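For the sequence shown, the numbering used here gives the first residue as 38, with consecutive numbering after it. Where is the CB? At the ideal position from N, CA and C, for every residue including glycine. The structure presented is a predicted model; accordingly, all values stated were derived computationally and were not measured.
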Amino acid sequence: MVIIRVELPNPSGLHARPASKLCAIAKKHKSECLLLSENATVDIKKILDLMAANFRQGTCLEIRCSGPDEHEAAEKIREFISELDE
Numbered sequence: 038m039v040i041i042r043v044e045l046p047n048p049s050g051l052h053a054r055p056a057s058k059l060c061a062i063a064k065k066h067k068s069e070c071l072l073l074s075e076n077a078t079v080d081i082k083k084i085l086d087l088m089a090a091n092f093r094q095g096t097c098l099e100i101r102c103s104g105p106d107e108h109e110a111a112e113k114i115r116e117f118i119s120e121l122d123e
């Protein structure tokens, strides 16, 4: 299992467009991909769960990936979240 912590920089939080892109990134990988905050744990491959979690700017998130391509999946997800700016 790979665990990476990242802070959500996007002023609009994880709204529909970035949530959709994040979901697509996770679905390219075979590993299980979870996103955790102090209030929620969601499967990144499920767009509705991502949006329902209502992650806001400044939220400290933990990315957990487990499976055959866990390192690549976690890094791609971290990279995407870190670069969100609108």
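Do you know offhand how far Glu44's Cα is from Cys97's? 4 Å
Starting from Glu112 and walking both ways along the beta strand (DSSP E), at which residues does that stretch end? Per DSSP, Glu112 belongs to no beta strand (DSSP E); it is in the alpha helix (DSSP H), 107-119.
Could you check how far apart the C-beta atoms of Lys58 and Phe117 are, in whole angstroms? I think they sit under 8 Å. 7 Å
Keeping to the same chain, check which residues put their C-beta closer than 8 Å to that of Asp86; ignore five residues upstream and five downstream. Val79, Asp80
C-alpha gap between Val39 and Arg54, whole angstroms: 26 Å
From the DSSP output, in three-state form, read off Arg101 for me. strand
Please state the DSSP three-state secondary structure of Arg93. coil
Tell me, which residues are paired with Cys60 by DSSP? The partner list for Cys60 (beta bridge, DSSP) is empty, contrary to what the question assumes.
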